[in-house]
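Below is one structure, written out as structure tokens; comments come after it.
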Amino acid sequence: MRAEFETGARLSLVLKVQRRIIDWFMNHIGNMDKSLGSYLRAEDLKHQRIVVNC
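Mind the numbering: the sequence shown is residues 4 to 57 in my numbering, read in order.
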């Protein structure tokens, strides 16, 4: 992509960059954020158990 950019940005480059960003966001949301959500829910449950047992 860098070489393509250096020779002059064209619509095809814009579309490639757009696709890469969309893919990155979808992967990030689909994997990282879901994993973080699972972790945070588990931690919240642990905290709730500690408060109830005190």
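Built from N, CA and C at the ideal position, the CB exists for glycine as well.
For ILE25, same chain residues with a beta-carbon under 6 Å away, outside a window of 5 residues either side, do not exist.
In the three-state reduction of the DSSP assignment, GLY33 falls in the helix class.
Here the C-alpha atom of ALA45 lies approximately 10 Å from the C-alpha atom of LEU39. The criterion of a C-beta distance shorter than 8 Å is not satisfied by VAL17 and MET4. Look at GLY11 here: in three-state DSSP terms it is coil, with no helix or strand label.
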